[in-house]
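Heads up, the thing below is written out as structure tokens.
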Amino acid sequence: MEDFFLRAIIGGLGFALAAGPVGCFVVWRRMAYLGEAIAHAILLGIALGFLLEIEPMITVFVICFFFAYMLARIEQDQRISINVLLGSISHFALALGLLALAFMEHIRVDLISFLFGDILAIDSFELATIYTVAVIVCILVKWQWRNLLSITVNQDLAAVEGVPVEKTRLLLIMVLAMVIAIGMTIVGILLVIAMVIIPAAAARCLTRTPGQMVVVTTMIGCLAVVSGLYGSLIWDTPAGPSIIAVAGVIFFLANLIPFREK
Amino acid sequence: MSIIDNDNIQPSGDVDQRELLVEAKSVSYWIGNRQILDSVDISVRRGEIVTLIGTNGAGKSTLIRILLQLIKPDQGKVIQCPGLRVGYSPQHVHRDPILPLTVRHFLALGDSISLERIRELLDEVGVGNILDYPITGISGGELHRVMLARALLRKPDLLVLDEPMAGVDAASQSELYSLIGDIRDRYGCGVLLVSHDLYMVMADTNTVVCLNHHVCCTGHPRTVVTHPGFISVFGQDLSNTLAIYSHSHDHDHSTRCSEPESSDRPS
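Protein chains in written order, with the working numbering: chain V, 28 to 289; chain F, -10 to 256.
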């Protein structure tokens, strides 16, 4: 097996490991728009990295955290529909990112690799970052599992039972920001949220408890990464879209399986 | 069905001496320019059942949320006794099919407890058979009981039930009310009940607080129904109906206090 291909598989699996637990919460708490808004801000992070001449991964993390925090604040303010607000901010951020990159005429950037990922060109630094995030995500979700699930089911009830609702919610959004930041290198800005929600949506049809759903989501994510990458190697297709396409097929197949809850 | 008349076991004069669990002092609350609550006073003592009644939009749920310290009042203050454990059943529980959650897992969210304890609790509220059912697959009445079990999980000092009877048919309602009475006796907790169903509240309640942004009247169910404040909100007809009802109820119990009394309960 070629070295670049092995690195791609290892990186993709690391991302699937981080996206599984978070993806379930994104689906349960309907945070897909929020995730997309964070993802669309990534181009700004990349532009900032070029501007300051530091590793773009670092500025991407900073921008993701900043945006996640701002959105978490805004989300509390219920004066206008959150979906309208997120949809606006999301594409505003994307446009600003594209503008920022266009202004830097001295730098030639491969926009496609940012938008749709460049998993086959993944380097050791990115691999290390992906696995660091994966470990942090798994530890945080495991540690805060009951609180996270409790605020997902009913926020008031959780608050009365002594769960620090705001802190827990902020933690989840920050964890999502990290996952999206690493996902950028795997499937790109435009597809990262798909890789977060599609495996979770597929897993719902196959599971009966929240814990099961997290495990099956992660497994589906890994399956999509491995088969998508092999498919892209065999048919010479772009890697990121191939992974998402496989995840999509799994989602439709999972919905076909007759599954009855008692 | 045997319902013990709590009025006779615990005369309201006795309840006044008990430990104060939660108290709101002249609480006011605005949403924008609209005043939702206007200097409201309310308190719940240990062993007492307080029923908050009022029409839709009278500010009942807002007051509950203030008492639970989920929101801060714009004026006035809320005092909870130190270390108060609250069991709460919210009015609306959104059940989303995207989240696979069985009754067992739902209850385990409230506290780290054993499967044994979950079984006991479900038996206690009369739905021992639905342990492994998905929470989206149980009926409204079963959900209210599961919510009650969740509230009891932490052995509460104060039980706060926001419209526990919504969507429950009349026959099950009286069962649920007697269950709440039993729980009060067993746990020795205070109960704060929100209801817009005025017929059913009468028997077990020590204090009725009638809310229409401000407290129209408060007191024992028998005295409240004839209060001008009550009549101005709920009308003379209802007052008459309830006065007759509570009179016959009173009369009934002065002669035989622990007899089955399902006959004098409208159902």
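Every residue, glycine too, gets a C-beta built ideally from N, C-alpha and C.
Taking all protein chains in view, the Cβ of F/His83 is surrounded by fewer than 16 other Cβ atoms within 10 Å, so the residue is classified as exposed.
The three-state secondary structure of F/Gln64, taken from DSSP, is strand. In the DSSP assignment, F/Gln69 is bridged to F/Val11. Inter-residue distance for V/Gly76 and V/Leu98 is about 22 Å (C-alpha atoms, whole angstroms). By the neighbour-count criterion, in which a residue is buried when 16 or more other Cβ atoms sit within 10 angstroms of its Cβ, V/Arg57 is exposed. Judged by DSSP secondary structure, F/Asp27 falls outside any alpha helix (DSSP H) and instead within the beta strand (DSSP E) spanning 23 to 34.
With a cut-off of 8 Å on Cβ pairs, the segment 167 to 182 of chain V is not in contact with the segment 107 to 126 of chain V, counting fewer than three such pairs.
Scanning its chain for C-beta atoms nearer than 7 Å, with the 5 sequence neighbours on each side dropped, one finds around F/Ala140 the residues Gly76, Tyr77, Ser78, Leu148, in chain order.
Looking at the DSSP output, F/Val197 shares a beta bridge with F/Thr40, F/Gly208.
Residue state for F/Ser17 is assigned as strand, using DSSP reduced to three classes. Taking 7 Å as the upper bound on Cβ-Cβ separation, chain V lies near residues Val75, Tyr77 of the segment 65 to 78 of chain F.
Per DSSP, the beta bridge partners of F/Thr91 are F/Pro123. Close to chain F, meaning a Cβ-Cβ distance shorter than 9 Å, are the following residues of the segment 234 to 259 of chain V: Thr234, Arg235, Thr236, Pro237, Gly238, Gln239, Met240.
Going by C-alpha positions, F/Asn118 is about 27 Å away from V/Val241. Sixteen is the threshold: since fewer than 16 other Cβ atoms of the shown chains lie within 10 Å of the Cβ of V/Leu126, the residue is exposed. If you check the CB distance, F/Thr207 and F/Ser228 do not come in under 8 Å. Per the coordinates, the alpha-carbon of V/Val192 lies some 11 Å from the alpha-carbon of F/Leu59. Nearest to V/Phe130 by alpha-carbon distance, out of V/Met246, V/Ala74, V/Met28, V/Arg100, is V/Ala74.
Chain-order list of chain F residues neighbouring V/Ala229: empty, with the shortest C-beta distance near 12 Å, by a criterion of under 8 Å. The Cβ-Cβ distance between V/Ala59 and V/Ile224 falls below 8 Å.
For the C-beta of F/Gly99, the chain V residues within less than 7 Å are, from N- to C-terminus, Glu188. Under the Cβ distance rule, V/Leu197 does not count among the residues neighbouring chain F, no pair being separated by less than 8 Å. Its Cα nearest to that of V/Ile284, the residue V/Thr234 stands out among V/Leu113, V/Phe143, V/Thr234.
Rounded to the nearest angstrom, the gap between the Cα atoms of F/Ser50 and V/Thr195 is 25 Å.
At a cut-off of 8 Å between beta-carbon atoms, V/Asn110 makes no contact with chain F. Neighbours of V/Asp183 in chain F, taken as residues whose beta carbon is under 8 Å from its own, are Arg54, Leu57, Leu59, Tyr77, Pro79 in chain order.
Here V/Asp150 is exposed, its C-beta having fewer than 16 other C-beta atoms within 10 Å.
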